[in-house]
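Just so you know, the protein sequences line up as chains P and W, in that order. Everything in the first sequence is counted per full-length UniProt numbering, starting at 1 for the first residue and increasing by one. Everything in the second sequence is counted per full-length UniProt numbering, starting at 1 for the first residue and increasing by one. Using N, Cα and C, we set each Cβ at its ideal position, and we do this for glycine too. Every value quoted in this text rests on a predicted model; they were computed, and no experiment measured them. To start, the structure under review is shown below, and the notes come after it.
There are 2 protein chains.
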Amino acid sequence: MKKLEELGEFGLIDRIKSQTSLKNTTSFVGIGDDAAVIDQGSHYSLLSTDLMVEGVHFDLAYHPLKHLGYKAVAVNVSDIAAMNGIPKQITVSIAISNRFGLAAVDELYEGIHLGCEAYNVDLVGGDTTASRAGIVISVSVLGEVTKDKLVLRSGSRENDILCVTGDLGAAYMGVQVLEREKQEFLANPNMQPQLENKSYLVGKQLKPDARMDIIHELAEKGVVPTSMMDISDGLASEILHLSKASGNGFTVFFDNIPIENLTLETSTEFNINPVVAVVNGGEDYELLMTIKQEDYENIKGILDLTPIGFVNNEKMNWLVLNSGEKTEIKAPGWK
Amino acid sequence: MKKLEELGEFGLIDRIKSQTSLKNTTSFVGIGDDAAVIDQGSHYSLLSTDLMVEGVHFDLAYHPLKHLGYKAVAVNVSDIAAMNGIPKQITVSIAISNRFGLAAVDELYEGIHLGCEAYNVDLVGGDTTASRAGIVISVSVLGEVTKDKLVLRSGSRENDILCVTGDLGAAYMGVQVLEREKQEFLANPNMQPQLENKSYLVGKQLKPDARMDIIHELAEKGVVPTSMMDISDGLASEILHLSKASGNGFTVFFDNIPIENLTLETSTEFNINPVVAVVNGGEDYELLMTIKQEDYENIKGILDLTPIGFVNNEKMNWLVLNSGEKTEIKAPGWK
């Protein structure tokens, strides 16, 4: 029998999905999209959940609890955005060891409340419990979408335009910067962290925002993407998800991907290939979507939405580098 | 500033609730009941979540992973039952350390799937991640209830009859039996566990069932309880919750509480006061409810539902012992 590491997270999810069947008529979409879709008659509810574990998803050496609370809300809201929906309610469960005091819990919830305000969601429930080691945060989010606006991962068609919001690679470079500062601090505890000129990168890592602004702009322009998901594991990984869900192949032009100068400069400073940061680096929580060609004129007014490729007719996924070199996008290894 | 231990779990929940306001019109009931209530227009959705942490909520020395998966589903379904609702969908997130193999994950999900079948719920999503220590399971459940059948903790009125399903104290004695066997096994690893004649108690602890059967029976009899919750933390604790939510006091007759002979015998064997096991012991996942006096005739046909007291007009909570002695039910200490 295979080991967990060999199967990988997505292999494990596929395995669980293959053992699962949907019996209730209200279960419209189950495992395999950014959120489950529940038929409420007049509209769909969207349900998603994320688990964040200390030492795996965050390091309290550099992740302030307030930012962590905000991020826990934002990454869940991002899953609702990825379905073209509006988030409405969240539940928050925390397991926390008694090395933390009440002040720490207050700080975490301060961030959670700020996240709720930012995205207009209500904290309606949760669970609190002791933990033997560190903090675990589990957030579930319930959202809404009208039936004609639901966007799945599977809906792209040949020649659709592939677009991305914001810029990519910043969160990945942010964690490199934070890790370097942590190592320097451990070597010399009197050191002052040098993060001022890296604040954009660090901010994208510690306090990402869900792109609800783009969802509202798309609605204003009357554009419904044909497929969409958020970028949590990295562009390459998400392209493969969209490809698998739709049966289509994608061609991505590296030159067209929006990248902040600071991201490029910092990747040079760290001797990291910018392609790695931008294409494989995760946690940007930007939206990746396909739109019909006829909607191209309509999205032109959305400043923070950039075409980066298209749905090809080869059923293969290509990254075209600036040099013109074409490499196949393949599954990254297990992290 | 107070410490977490001084505040206690319920103090912490009250604190979080006091910092929270509901802004979305669809958020009908937030923190403080067994599930949040979301207005979907034609009906309510019910949303609840539970976090189970290894070493806090379960001990893998005696909790088989398959039972654990089933229990994770059942305790969430129980929260939907407590609102008089029908569970429909769940999400399951797990953090698992790499000391576990794929076989362990399969066993856990086997139990989850059995739970889904037993309660007719669909597994529609979740999250899987690494963990630095042990297993964490977070389940969220979405249920449904028609608007005229919703039951909150707050609805009891003076002279309503207090009823409980099943019997109490068995799960508490079950964990005592399991702990004793564990200690004996640690002292002598060649020992065979002696659990045959305690299987009812052990079963209530390791694989409790949500009382959806009673929810369906109440619907058949046309009875809507005036208030309800499930017994996860112990009868005394839940009485105080119902009391606080409604502003009413409750009188409970110990003599009327259904207790299995095996529970009483085992409490004698362990030199544990049965009042402690029955009134303070938690995890029975039975339902505690109040019904109107005029519904008494209608519930008589429900075999597994027993009147154990009433809503008094004193705004105080009393436990009347078999001796006739009356003691006030007070908040238990922080566990």
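I'd like the list of long-range same chain contacts for residue i, defined as Cβ closer than 6 Å, with 5 residues on each side in sequence excluded.
{"i": "P:Leu195", "result": "Val202"}
{"i": "W:Lys198", "result": "Val177"}
{"i": "W:Glu283", "result": "Ala171"}
{"i": "P:Leu108", "result": "Leu65 and Gly69"}
{"i": "P:Gly169", "result": "Ile259, Thr263, Ala277, Val278 and Gly281"}
{"i": "P:Leu321", "result": "Phe254"}
{"i": "P:Ser131", "result": "Ala95, Ile96 and Ser97"}
Cutting at 8 Å between CB atoms, please list the residues of its own chain near residue i, excluding the five before and the five after it.
{"i": "residue 342 of chain W", "result": "There is simply no residue 342 of chain W to check, as chain W begins at 1 and stops at 335 in what is shown."}
{"i": "P:Tyr296", "result": "Ile161 and Pro307"}
{"i": "W:Asp148", "result": "Val224"}
{"i": "P:Gln245", "result": "Inspection of the sequence shows that residue 245 of chain P is occupied by Ala rather than by Gln. Around P:Ala245: Gly32, Asp33, Leu152, Arg153, Ser154 and Ser227."}
Starting from the C-beta of residue i, find all residues in its chain whose C-beta is less than 7 Å away, skip the five residues before and the five after it, and write them out in chain order.
{"i": "P:Asp304", "result": "Thr165, Gly166 and Ile214"}
{"i": "W:Gly333", "result": "Caution is warranted here: a pLDDT of 42 is assigned to W:Gly333, below 50, making its placement in the model unreliable, and the coordinate value is therefore given only provisionally. Closer than 7 Å at Cβ, skipping near neighbours: no residue."}
{"i": "W:Lys335", "result": "Residue placement at W:Lys335 is flagged as unreliable, the pLDDT there being 38, under the threshold of 50; the coordinate-derived value follows with that caveat. No residues qualify anywhere along the chain."}
{"i": "P:Glu110", "result": "Lys66 and Gly69"}
{"i": "P:Thr290", "result": "Ser156, Asp160, Ile161, Leu162, Pro225, Thr226, Ser227 and Val311"}
{"i": "P:Val105", "result": "Ile96"}
{"i": "W:Leu240", "result": "Asn317, Ile329 and Ala331"}
{"i": "W:Phe250", "result": "Leu162, Ile239, Leu242, Ser243, Gly309, Val311, Asn312 and Asn317"}
Look up residue i in the DSSP assignment and give the residues it is bridged to.
{"i": "W:Ser163", "result": "At residue 163 of chain W the sequence reads Cys, which differs from the Ser that was named. According to DSSP, which records beta bridges pairwise, W:Cys163 is partnered with W:Met289 and W:Pro307."}
{"i": "W:Lys326", "result": "W:Val320"}
{"i": "W:Ser27", "result": "W:Ile38"}
{"i": "P:Val252", "result": "P:Gly309 and P:Leu319"}
{"i": "P:Asp230", "result": "P:Leu287"}
Residue i CB to nearest chain B CB: under 7 Å?
{"i": "W:Leu201", "result": "In the structure shown, chain B cannot be found, because the protein chains are P and W."}
Check the Cβ of residue i against every Cβ in chain W and list those closer than 7 Å, keeping chain order.
{"i": "P:Ala72", "result": "By Cβ distance, chain W contributes nothing, its closest Cβ being about 12 Å from P:Ala72, past 7 Å."}
{"i": "P:Glu9", "result": "Thr128"}
{"i": "P:Ile13", "result": "Thr128"}
{"i": "P:Gln19", "result": "Tyr109 and His113"}
{"i": "P:Leu305", "result": "Within 7 Å Cβ-Cβ: nothing; P:Leu305 doesn't reach chain W, min ~27 Å."}
Note down the Cα distance separating residue i from residue j, rounded to an integer number of angstroms.
{"i": "W:Gly85", "j": "W:Gln40", "result": "14 Å"}
{"i": "P:Ala95", "j": "W:Ile16", "result": "15 Å"}
{"i": "P:Asp50", "j": "P:Val139", "result": "6 Å"}
{"i": "P:Arg153", "j": "P:Ala236", "result": "15 Å"}
{"i": "P:Ile137", "j": "W:Glu294", "result": "45 Å"}
{"i": "P:Val252", "j": "W:Glu9", "result": "50 Å"}
{"i": "W:Ala103", "j": "P:Ile13", "result": "15 Å"}
{"i": "P:Gly143", "j": "P:Pro258", "result": "29 Å"}
{"i": "P:Gly309", "j": "W:Leu114", "result": "44 Å"}
{"i": "P:Thr20", "j": "P:Val37", "result": "15 Å"}
{"i": "P:Ala133", "j": "P:Met316", "result": "44 Å"}
{"i": "P:Gly32", "j": "P:Thr263", "result": "31 Å"}
{"i": "W:Glu6", "j": "W:His216", "result": "41 Å"}
{"i": "P:Glu238", "j": "P:Asp230", "result": "8 Å"}
{"i": "W:Thr327", "j": "W:Val275", "result": "12 Å"}
{"i": "W:Glu325", "j": "W:Ser267", "result": "21 Å"}
{"i": "W:Gly234", "j": "W:Met52", "result": "17 Å"}
{"i": "P:Ile112", "j": "P:Lys71", "result": "8 Å"}
{"i": "P:Glu220", "j": "W:Asn98", "result": "47 Å"}
{"i": "P:Glu179", "j": "W:Gln183", "result": "44 Å"}
{"i": "P:Leu206", "j": "P:Pro193", "result": "15 Å"}
{"i": "P:Val121", "j": "P:Thr91", "result": "10 Å"}
{"i": "W:Lys3", "j": "W:Ile302", "result": "46 Å"}
{"i": "W:Met191", "j": "W:Glu181", "result": "9 Å"}
{"i": "P:Lys23", "j": "P:Pro189", "result": "57 Å"}
{"i": "P:Phe185", "j": "P:Gly101", "result": "24 Å"}
{"i": "W:Ser93", "j": "W:Ser27", "result": "24 Å"}
Residues of chain P with CB closer than 9 Å to the CB of residue i, please, in chain order.
{"i": "W:Ile38", "result": "Ser45, Lys88, Gln89, Val124 and Leu142"}
List the residues of chain P whose Cβ lies closer than 7 Å to the Cβ of residue i, in chain order.
{"i": "W:Ile16", "result": "Tyr109"}
Give the interface partners of residue i over in chain W, defined as CB-CB distance under 9 Å, in chain order.
{"i": "P:Ser93", "result": "Thr49, Asp50, Leu51, Ser138 and Ser140"}
{"i": "P:Gly30", "result": "Gln89, Asp122, Leu123, Val124 and Gly125"}
{"i": "P:Val56", "result": "Ala95, Thr129, Ala130, Ser131 and Arg132"}
Which residues in chain P have a C-beta closer than 8 Å to the C-beta of residue i? List them in chain order.
{"i": "W:Glu5", "result": "Asn98"}
{"i": "W:Asn271", "result": "Near W:Asn271 there are no residues of chain P at all, since even the closest Cβ is about 28 Å away, more than 8 Å."}
{"i": "W:Ala35", "result": "Gly125"}
Residue i versus chain W: which residues are under 8 Å apart at the beta carbon?
{"i": "P:Leu22", "result": "Asp122 and Val124"}
Review point. Considering only residues of the UniProt domain "PurM-like N-terminal" (32 to 145) of chain P, which uninterrupted alpha helix (DSSP H) runs meet the minimum length of 4 residues and lie entirely inside it, listed in chain order?
Key: 65 to 81 and 102 to 119
**Study point:** Ranges of the beta strand (DSSP E) found wholly within the region 157 to 215 of chain W, counting only runs of at least 3
**Key:** 161 to 165
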